[in-house]
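Visitor:
Number of protein chains: 4
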Amino acid sequence: MSNLKQTLTPPFDIVRVSHVELGVTDMAYSREYYADIIGYHIEDETADTLYLRGMEERNHHSLILTKVDEPIVKRIGFKVRSEEDLDKAQAFFASKGSPTLWVEKVAQGRTLHTTDPFGVPLEFYYQMDFVADILQEFPLHHGSRIQRIDHVNLFHNDVNAATAFYAGELGFQVTEATVEDIETDDSDIWAAWMHRKGGVHDIAFTNGTGPRLHHIGIWNPSVTDILNFCDLLATSGHIDAFERGPGRHGISNAFFLYIRDRDGHRTELFAADYLTVDPDLPPRLWDLQDPKRQTLWGQAAPRSWFEKGSLFAGVSLSDSKLKRQPIIAPE
Amino acid sequence: MSNLKQTLTPPFDIVRVSHVELGVTDMAYSREYYADIIGYHIEDETADTLYLRGMEERNHHSLILTKVDEPIVKRIGFKVRSEEDLDKAQAFFASKGSPTLWVEKVAQGRTLHTTDPFGVPLEFYYQMDFVADILQEFPLHHGSRIQRIDHVNLFHNDVNAATAFYAGELGFQVTEATVEDIETDDSDIWAAWMHRKGGVHDIAFTNGTGPRLHHIGIWNPSVTDILNFCDLLATSGHIDAFERGPGRHGISNAFFLYIRDRDGHRTELFAADYLTVDPDLPPRLWDLQDPKRQTLWGQAAPRSWFEKGSLFAGVSLSDSKLKRQPIIAPE
Amino acid sequence: MSNLKQTLTPPFDIVRVSHVELGVTDMAYSREYYADIIGYHIEDETADTLYLRGMEERNHHSLILTKVDEPIVKRIGFKVRSEEDLDKAQAFFASKGSPTLWVEKVAQGRTLHTTDPFGVPLEFYYQMDFVADILQEFPLHHGSRIQRIDHVNLFHNDVNAATAFYAGELGFQVTEATVEDIETDDSDIWAAWMHRKGGVHDIAFTNGTGPRLHHIGIWNPSVTDILNFCDLLATSGHIDAFERGPGRHGISNAFFLYIRDRDGHRTELFAADYLTVDPDLPPRLWDLQDPKRQTLWGQAAPRSWFEKGSLFAGVSLSDSKLKRQPIIAPE
Amino acid sequence: MSNLKQTLTPPFDIVRVSHVELGVTDMAYSREYYADIIGYHIEDETADTLYLRGMEERNHHSLILTKVDEPIVKRIGFKVRSEEDLDKAQAFFASKGSPTLWVEKVAQGRTLHTTDPFGVPLEFYYQMDFVADILQEFPLHHGSRIQRIDHVNLFHNDVNAATAFYAGELGFQVTEATVEDIETDDSDIWAAWMHRKGGVHDIAFTNGTGPRLHHIGIWNPSVTDILNFCDLLATSGHIDAFERGPGRHGISNAFFLYIRDRDGHRTELFAADYLTVDPDLPPRLWDLQDPKRQTLWGQAAPRSWFEKGSLFAGVSLSDSKLKRQPIIAPE
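Residue numbers (the working numbering), protein chains in the order written: chain P, 1 to 331; chain L, 332 to 662; chain F, 663 to 993; chain A, 994 to 1324.
1) So, under 8 Å CB-CB, I72 of chain P and L311 of chain P are touching, yes? Tell me the CB distance rounded to an integer number of Å.
2) Any idea which residues DSSP pairs I726 of chain F with across the strands?
3) What do you reckon, are the CB atoms on D533 of chain L and V348 of chain L nearer than 8 Å?
4) In chain L, which residues lie with their C-beta within 7 Å of the C-beta of E766 of chain F?
5) Check each residue of the stretch 225–238 of chain P: if its Cβ is closer than 7 Å to any Cβ of chain F, include it; give the result in chain order.
6) Using CA atoms only, rank isn't needed, just tell me which of F:I738, F:E845, F:L895 is closest to D949 of chain F.
7) Could you tell me which residues DSSP puts in a beta bridge with Y589 of chain L?
8) Under 8 Å, Cβ to Cβ, is there at least one residue of chain F near L997 of chain A?
9) Tell me the DSSP secondary structure of L958 of chain F in three-state form.
10) Using the Cβ count rule (16 or more neighbours within 10 Å means buried), how would you classify T9 of chain P?
11) Could you work out which residues of chain F lie near R1241 of chain A, taking near to mean beta carbons separated by less than 7 Å?
12) When burial is assigned at 16 or more other CB atoms within 10 Å of the CB, is D594 of chain L buried or exposed?
13) Please return the same chain residues whose Cβ sits closer than 7 Å to the Cβ of P945 of chain F, not counting the five positions on each side in sequence.
14) Does the CB of D280 of chain P have a neighbour CB from chain A at under 8 Å?
15) Shortest alpha-carbon distance to H857 of chain F belongs to which of F:V841, F:T868, F:Y828?
16) Cβ of F1235 of chain A less than 8 Å from any chain L Cβ?
17) Rounded to a whole number of angstroms, what is the C-alpha to C-alpha distance between L648 of chain L and A493 of chain L?
18) Run through the stretch 143–227 of chain P for me and flag every whole alpha helix (DSSP H) of 4 or more residues, listed as ranges in chain order.
19) Hey, T1104 of chain A and Y1118 of chain A are a contact pair by Cβ (cut 8 Å); roughly how many whole angstroms apart?
20) Between S304 of chain P and the rest of its own chain, which residues show a CB-CB distance below 7 Å, the 5 nearest in sequence each way excluded?
21) Should S664 of chain F be labelled buried (16 or more other beta-carbon atoms within 10 Å of its own) or exposed?
22) Relative to the alpha-carbon of D850 of chain F, which residue among F:F891, F:N869, F:F834, F:V862 has its alpha-carbon at the smallest distance?
23) Please return the same chain residues whose Cβ sits closer than 8 Å to the Cβ of P330 of chain P, not counting the five positions on each side in sequence.
24) Alpha carbon to alpha carbon, how far is D1006 of chain A from I1076 of chain A? Give it in angstroms, no decimals.
25) Could you name the residues of chain F that A603 of chain L contacts, counting a contact when the two beta carbons are closer than 8 Å?
26) Quick one: grab the DSSP three-state call for L4 of chain P.
27) Roughly how many angstroms lie between the CA atoms of G1070 of chain A and D562 of chain L, to the nearest whole one?
28) One question on the structure: do W1290 of chain A and G1230 of chain A come within less than 8 Å of each other, judged by their Cβ atoms?
29) Give me whichever residues DSSP pairs with G1230 of chain A in a beta bridge.
30) By the DSSP assignment, the beta strand (DSSP E) with F124 of chain P in it spans what residues?
31) Quick one: Cα of V646 of chain L to Cα of F560 of chain L, how far?
32) Taking the continuous beta strand (DSSP E) assigned at L947 of chain F, which residues delimit it?
33) DSSP three-state call for K1067 of chain A: helix, strand or coil?
34) Mind listing which residues of the stretch 7–40 of chain P have their C-beta closer than 8 Å to chain A's C-betas, in chain order?
35) Could you list which residues in chain L have their beta carbon closer than 7 Å to that of W286 of chain P, in chain order?
36) Looking at the unbroken alpha helix (DSSP H) that takes in R693 of chain F, where does it start and where does it end?
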């Protein structure tokens, strides 16, 4: 399908999604939720900011929590291949009319702040500080024993346009997509999963009021860690965090659990994946009417999963126009 | 709570629940569902009957499928400690006014047919034929790799009465119970789990239109086998069988999956359990209002799970009077 | 085989193996090893004693650690069915010429101290104090997330005699046995596994210099917990504790890991088991020459596993005469 | 360490290791071993050749078995990014004095046959035929449920030279390395793990008589699949195939099992891995004396693992000179 094509000559080279910065309203709660329960490692902290990472991550952070008054997603961060790619990125976004700003950011040095054409706040950097390798410091592994950030997933009003930008201009490769009519060439895209790093995705877009962040996906090596985490979450005063799962997606073959913190920020614990580095790998296409794409085992997702998301800083939804109604759980 | 007390001097000695005989309407379908997909081992078969067992079972059968015109549960079977116990059982049920009949049954010899006071068809025997040990014949393990029958669970209109009979007269020990008001001594019993064999249960009763069979519980050694089974079930033409789970019960701490065959017979794949052989072990009591008892992780059960069950042969529900409305899934 | 027969009329009724009391030389180390790393819950402690239990155990202790100058096994504890059984036990052991002494023991009340005919120090009690139910207090589960004591395993110079006493006199049922020649009826018994509680064993004996304690077996619900525990043990300063496994035994079908503390006390983490409550269940017999009985997957056990054990208090090995040389790992 | 540096301007662009062609002497045995037991999917076959793939692989083959008289490794295959890269590869190898030959190969079209400077037979292609997606055709998953080829591992007499070629000239990135003295800069390299695709490795070299193939690594999503496979292998007439494990490597954090077929070809079933796409990711360095690098849990590897390997077609070992003695299992 030509509307899923990636450019092979992107203006700069993105390595992978690297981190997300969330604004949270109660730092004591968020510290417990993300560090003690989910199991992120606290690498660093200041009075109003926590820098967190997974067990295999040797970079300084993959999640930044900042104290704010209203819940917000401050920014999504990507790593590029070189300092030169940073400069190319600045030129590209400026040419698109996006604001660009150079900042010095803790542990990641020269950092480009900009937005995508839909207003989503992004940042790009080349090198983050390396910190101690704790992959095999098992006494530090706890909670869900998460390993690394895997992807971000966004609601978008126009997934055709989002795909055209991220795949067609930035060079992400589409690995899976839900289309309105699988029999029609270049049918409207309902949802698209796109990668740079060789897994199913670094970023995905789903039809819905947006742009908003649907979830941060974090990778777990084992389904049993996710099941153990369910037990822990349920009996540590966080049963309100459960939203959907555990279960298996058709799309991506992921074993999933979706949870939401009290600011509404959603996390997917995600096990299983497959290798996507082949440049000629055809996307797996799903028809919008195929129930297996969402849940292989048939359980309906709750309505909140189709409706609730986190706002991005600086993005107004006033002009947001939903392409069509989301599919919701059967009554 | 005195209404949960077991007698220590039962009239005869039941070792454990042993098997169930289900009437099924399409033997080809049932053979595929139970043997190929769930993974029961076919020990023996005749034109209209299949004798099935789990991987650790050295007895000839723990599930009998018989071709019938309308789906039915023909009988629940229990093993007793000796031939003498069989005679005592006959005397006991006769004294209660239950019909008693001696039959010779395939692979289990002299067998007592009777009913409990609520009309549920039961059978008792002492020794079943031993067959080949396949516990470590791993090439024969497939499907969900089930190990053994664990328990039966019945809807009952009057769980107080069912408990009084099975615990108070037959000597089953109550391990867990849901009561209407946990603060009140001898509060009405909503549901009770009772064992003879040293696990959480051989038989359980839940408030609902009955007596009907809610499910047969089969024991799996591993949650991952159950997850793999979900994948298999969903992609082998049996997605209609999913009903509830996988998830964790508060009660019994079981990791569960509930599935229903096309005759409506429900099976629970069940992992985890705990040891209950101590004669003084106090029951774990749950308040009817405690949401964790049903699903530790918070997911609601579907309405069918509270309403659908299998009829027992010879039991009319016309006089059935529900004690109170079942708790159903929130809208 | 008649030399494996249990008496059906034992002089008193043993419910199950209940606890072991180990003498340890460095309480700070043992506390870290058993509580922080293996994951026992510390129920109670005094200046020189720790009372430990597993996650499903509602009794006060299943392992007692006492500070001593030289490593020793102080006593193996069994639960009996009633106070009357305690008195019968005293009469029985006295009639055998064993010393008997009534003591009051922390959390278990009236307790009988005695020895078996081979000098092994035993204790019997009826009721232990119940403590808080932590089966589903998952924030307290850590380390290997052990659930309960499963069995004790002893070296013995004369397994024929040990089996004759525990099965033939005390009523333990033999579930598996290794015999010198499986083709010969009543061949000498090399090793025997015997239960009261309905699993593969409460106590086992293996040919070797004895009586000495080979290991305490603790039951884990999941092989993945055992693998995670290996990672933790290896990277928490305890790599010296590994002795054998993880692997699968032919005997008992157990997934096993053997570790030894710095006093030489051995623990088996043990997953999988099967139900053995049927009174007529025939033992699984293994020929001494069958390599699968020890390790289904073929890995040899280290020499230490055949030679090292813990001394029992009051037992002299000076008269010990090994029936025959143990089978050791191939050079 | 500068002797581990990759070139950032390789002469052509290798995407990943793609497949291996093994010469086997008994096709009926190999078919059972690889397809029935390990669980490869048979995609295609001719009279003397089997084309096999893993569950997530949409390419036609990742393992080719060809009937031969003496066991041999015929060729290692790599995928390149474009047809143009194929031409560049031909020019590069020709400039190095390696033989180059264009062949048409089943399902992979225009294919370059050549050798590396040490004589190892390689092939390169751009596109392989896509076949049916069976990732979620779970009824087809069996045996160890393998997902994909992960890497090849070779014995080499001079790992310094092998690393200089694969990293310094072909652009593989070193992710982990064992060096003779970790305190010395550019110490001799004992072993090196190198990737193109974003995991720990596509190819690795270890000091030993070579070049010979040590093993093919195949990726499994779950440690429990590997444990279940051990049970299956042990009880299906293949216990002779076990060589080492299951266990955990320090290097790569892999959960591993090594097995050898009756031709001596070794396979590693491999679970866990970590993401390595960052161009600035520093290698994890291990000192040759650090026992954790080989087996985190301390078990020694058997001597065969250090000594046995598969010959490559056309490679003579007559000039092979071992750099130094391999480390072998303690006596």
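Each residue gets a CB set at the ideal place from its N, CA and C atoms; glycine is no exception.
Guide: In this structure, then:
1) The pair is a contact, with the Cβ atoms about 6 Å apart (cut-off 8 Å).
2) For I726 of chain F, DSSP records a beta bridge to F:E683, F:Y713.
3) By the CB criterion at 8 Å, D533 of chain L and V348 of chain L fall inside the cutoff.
4) Residues of chain L passing the Cβ test: none, with the nearest at roughly 18 Å.
5) Residues D231, L232, T235, S236.
6) Taking only the C-alpha atoms, the option nearest D949 of chain F is F:E845.
7) Paired residue(s): L:R575, L:E599.
8) No - not a single Cβ of chain F is within 8 Å of the one on L997 of chain A.
9) The three-state reading of DSSP puts L958 of chain F in coil, since its state is none of H, G, I, E or B.
10) Counting C-beta atoms within 10 angstroms of its own C-beta, T9 of chain P has fewer than 16 neighbours from the protein chains shown and is therefore classed as exposed.
11) Near R1241 of chain A (Cβ distances below 7 Å), the residues of chain F are C892, D893.
12) Counting the other Cβ atoms within 10 Å of the Cβ of D594 of chain L gives 16 or more, which makes it buried.
13) Closer than 7 Å at Cβ, skipping near neighbours: L666, V836, T837, E838, A839.
14) Yes, contact with chain A.
15) Among F:V841, F:T868, F:Y828, the Cα nearest to that of H857 of chain F belongs to F:Y828.
16) Chain L contact via Cβ: absent.
17) Distance from the CA atom of L648 of chain L to the CA atom of A493 of chain L, rounded to whole angstroms, is 16 Å.
18) You should have 159–166.
19) Confirmed, about 4 Å.
20) For S304 of chain P, where only same-chain residues beyond five positions count, the Cβ hits under 7 Å are E243.
21) Classification of S664 of chain F: exposed, given that the 10 Å Cβ count is below 16.
22) Cα-wise, what sits closest to D850 of chain F is F:N869.
23) Here P330 of chain P scores only 40 on pLDDT, less than 50, and its place in the model should not be relied on; the value that follows carries that caveat. For P330 of chain P, where only same-chain residues beyond five positions count, the Cβ hits under 8 Å are A300.
24) This sequence places Glu at residue 1076 of chain A; Ile is not what is there. Distance from the CA atom of E1076 of chain A to the CA atom of D1006 of chain A, rounded to whole angstroms, is 10 Å.
25) Ordered by position in chain F, the residues that pass the 8 Å Cβ test against A603 of chain L are P883.
26) The answer is helix: DSSP assigns L4 of chain P an H, G or I state.
27) Cα to Cα, G1070 of chain A sits roughly 32 Å from D562 of chain L.
28) The criterion of a C-beta distance shorter than 8 Å is not satisfied by W1290 of chain A and G1230 of chain A.
29) None; G1230 of chain A has no bridge partner.
30) Per DSSP, the unbroken beta strand (DSSP E) holding F124 of chain P starts and ends at 121–125.
31) Each residue's alpha carbon lies about 34 Å from the other.
32) It spans 946–949 - the beta strand (DSSP E) in which L947 of chain F sits, taken as one unbroken run.
33) Looking at K1067 of chain A - three-state DSSP - the assignment turns out to be strand.
34) Answer set for the stretch 7–40 of chain P: V15, R16.
35) Per Cβ cutoff of 7 Å: no residues; W286 of chain P is ~15 Å from chain L at best.
36) Where R693 of chain F is concerned, the enclosing alpha helix (DSSP H) stretches over 689–693.
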